[in-house]
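Visitor: Residue numbers (the UniProt record's numbering): 1 to 65.
#1: Once DSSP output is grouped into helix, strand and coil, what is the label at residue 44?
#2: So, is residue 87 buried or exposed, given that buried needs 16 or more other C-beta atoms within 10 angstroms?
#3: With contact counted as at least three CB pairs below 8 Å, one residue from each stretch, are the stretch 12 to 31 and the stretch 50 to 64 in contact?
#4: Once the 5 residues before and after residue 34 are set aside, which same chain residues still bring their CB inside 6 Å of it?
#5: Expressed to the nearest angstrom, what Euclidean distance is found between the alpha-carbon atoms of residue 46 and residue 13?
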């Protein structure tokens, strides 16, 4: 990854627009949005199952010129 790119993760206590505003305040513009699933382990009847627990949204930012 080049020096001009940075990853910004949407935190639990903020909305997507809050994250985008934070990016702009730091001098970055979004170039890519990535969504990653989050799973949690649940033991049921002696078996371990993975169930969806949410998602993480991460933006890749590029420095504004």
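Every residue gets a Cβ at the ideal spot worked out from N, C-alpha and C, and that includes glycine.
Guide: Inspection of the coordinates gives the following:
#1: For residue 44, the secondary structure class from DSSP, reduced to helix, strand or coil, is strand.
#2: No answer is possible for residue 87: the residues shown for the chain start at 1 and end at 65.
#3: Three or more beta-carbon pairs separated by less than 8 Å link the stretch 12 to 31 to the stretch 50 to 64, which places the two stretches in contact.
#4: Answer for residue 34: 58, listed in chain order.
#5: Rounded to the nearest whole angstrom, the CA to CA distance from residue 46 to residue 13 is 35 Å.
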